[in-house]
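The numbering of the sequence shown is UniProt numbering, which starts it at 1 and goes up by one. Note that CB positions come from ideal geometry on N, CA and C, so glycine has one too.
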Amino acid sequence: MRHSPEMQIDSHATSRNGPNSTQSLPAMLLWDRQDCIPLRKVLLEDDMIVLLTPVVVPHSILGDNGKDPFEPLGRAIASRHSLVRHVPYTKRGGITNVHFEFIKRAKAIVFVISSPPLDDDVSQIDLADTARTMADERPQIIVACCNLQAHDFHTDHFATMVQIAGYSPPELETAASIIFGDIRPPMGNAIPLQNLIIAPQTWPVEACGIDMAPIHQLWTECLPPKYHLSQHELVILLQRDGFSRHYVVREPETKQIIGFCATYTTYPDGGASDWLLKFDDMLAKNYSSAGLTFRRCGMAEYYQVLDIVSRDAARKDNFGWYDQYFILDGTPHIEDILLGLEGDTIVAIALTYTPKSGSPVSGDLPWANSIGADVGGVTCICIIGLWLHWKTSAVPFAHARSDDHPEMVNSRDSVMTRLLDTCVKLLAEQGMRQMFIDGAKGGDAGFQSLGFREWARYKDVWRKVGA
């Protein structure tokens, strides 16, 4: 069965990697570190497979331009295991709650990457990472319809990867045959077993020193391009005196740093997402005031704001939020704080920043600047009197009352929507064309309804260790 969310076709796909690729690229299983090939060995009869494929331009050579080019892969998988759900994804929508609902019911996920990203295009590799996070312990098989390794893209973190030359029906049938073990193609990067057997070796761990050049090089080599920072930005990001300790591992003989670990004092969290809005994508809508007014913070309210944020952050374990507001003391950037008022009562607080404003906040939150010089940021949003953690539900921003301000008449949805609309206008006045929100907990439907797309999703990973 094929589930079709609202589509946006990737118009670049044909020029990069058509379905009848002429490149000499053999179909192969590059690696299978989770030992799930053939896939049927980990499936029961009533287990479900989710097939996630990009929406790309159909090609006339397929015979029917109205068809999804990846339907042949769905049919090929279904001929081997009947319970399969085909759910396309789009570059604008990304991996959404709709996909998550299918993923959490699946036993295994097959994720198709049609082509490498072009210039500033949305990376299907990043979207595959998002799906991998949602999949948790479920096997995820990447089907790359191109040679990603030739483009030097970071894909080693995917546990199982199948490579084919394009996405013509015969090539997709070959991919299904590899996944289910009907054929045994050559293994990419095959290494003799005896070469993998090495004597146990001790890798001493030591505290990170002051030489950050090798750390920066390691950071750049290991993380996806969107997380790349200058060495200066990385130093500022890692420097948390009293709250952090960082460690390195060196190769015993050469003393070259080959591993780095950053540790921070923080609180357990259920996960969060970063969101990016292009102002051109925001639906034009004039919101009524709903009895709310928004304005910049002045010195008269600043210490009241600190008190509100301190209590709110302590109650909801929002570690570090108070510090972001406190470091503005004595600077002109106090006016970067946006206040929402219901009458004379502060009901909403948000902290805005722009890349070149000189605000100390941007040093702690470098991602907006790394995306582009026209990206402003909004962080540490407090909605007073309503739960801070955003829940995903039928309404955009689910809300619940607390006892802080029982006289409030506006819902969280009403306050949040108008707050974000005001932030957009405020940043646009400063020449920004995009807005970045970090660390939002839930509220996916609400952000998407306003035109945001998910930039990154984070979750805690816990592992029991011996005493």
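Per DSSP, the beta-bridge partners of G340 are F294, A348.
Here L44 is exposed: its Cβ has fewer than 16 other Cβ atoms, across all protein chains shown, within 10 Å.
Distance from F111 to I142 at the Cβ level is roughly 5 Å; contact confirmed, criterion being Cβ atoms closer than 8 Å. L172 places its beta carbon less than 8 Å from that of A76. Note that the segment 157-165 touches the segment 131-140; at least 3 beta-carbon pairs, one per stretch, sit closer than 8 Å. Remark: C-beta atoms of T155 and I164 do not approach each other more closely than 8 Å. The Cβ-Cβ distance between P69 and V56 falls below 8 Å. In the structure shown, K226 adopts helical secondary structure according to DSSP, grouped into three states.
Contact annotation: Y322 and S310 have beta-carbon atoms nearer than 8 Å.
Beyond the five residues adjoining it in sequence on each side, T53 comes within less than 6 Å, by CB distance, of F70, P88, V112 in the same chain, given in chain order.
At a Cβ-Cβ threshold of 8 Å, Q434 and L277 count as neighbours.
With a minimum length of 4 residues, the unbroken runs of alpha helix (DSSP H) contained wholly in the segment 255-335 fall at 299-316, 321-326. When DSSP states are grouped into helix, strand and coil, W203 belongs to the coil group. If you check the CB distance, I337 and Y325 come in under 8 Å.
Take R295, set aside five residues on each side of it, and the residues of its chain with a beta-carbon closer than 8 Å to its own are L338, L339, L341, in chain order. With the rule of 3 Cβ pairs closer than 8 Å, the segment 416-428 does not count as touching the segment 233-248.
Where M161 is concerned, the enclosing beta strand (DSSP E) starts and stops at 160-163. In the three-state reduction of the DSSP assignment, S244 falls in the strand class. Counting C-beta pairs with one atom in each stretch, the segment 444-453 and the segment 364-372 have fewer than three that are closer than 8 Å, which means they do not touch. About 6 Å separates the beta carbons of I334 and C297, which is inside the 8 Å limit, making them a contact pair.
Burial check for D460: the Cβ neighbour count within 10 Å stays below 16, so the residue is exposed. Between Y287 and R418, the gap from beta carbon to beta carbon is short of 8 Å.
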